[in-house]
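Student: In my numbering, the protein residues as written are 2 to 125. We treat Cβ as the ideally placed atom computed from N, Cα and C, and that holds for glycine. Structure provided below as structure tokens; questions to follow.
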């Protein structure tokens, strides 16, 4: 952590945090019919910040305009789908969200990450 402290922690002292339920992908189990089914850890509650994704970011990342994306700032070492077989999941604002990418990874330096999530109904 830097000498000035965790920047996300400082920001959450000014901006009200959002309670986020986080479920980590643990692995796949195979059903009786041979289909892989992802399994998840028990949900862990963390405080973070949820922000809208600006239109120019949609365009820069090649995101579909009809889908609902958010940027989630969390004080945890959570990684996007590009590092594992299935995505981790969040739950906030009464909806389920799928981690679909990393927007910034400051965990090793300052103890937080920014993740791109998509509403579960819009995933795939």
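What are the boundary residues of the alpha helix (DSSP H) that residue 61 is part of?
Tutor: 56-62
Student: According to the neighbour-count rule (16 or more other Cβ atoms, all chains shown, within 10 Å of its Cβ), is residue 15 buried or exposed?
Tutor: exposed
Student: Quick check on residue 124: does DSSP put it in helix, strand or coil?
Tutor: coil
Student: I need the straight-line Cα distance from residue 33 to residue 109, nearest angstrom please.
Tutor: 41 Å
Student: Is the Cβ-Cβ distance between residue 98 and residue 67 less than 8 Å?
Tutor: no
Student: Measure the C-alpha to C-alpha separation of residue 10 and residue 86 and round it to an integer number of angstroms.
Tutor: 30 Å
Student: Among 22, 41, 74, 35, which residue has its Cα nearest to the Cα of residue 54?
Tutor: Residue 54 has its Cα closest to that of 74, out of 22, 41, 74, 35.
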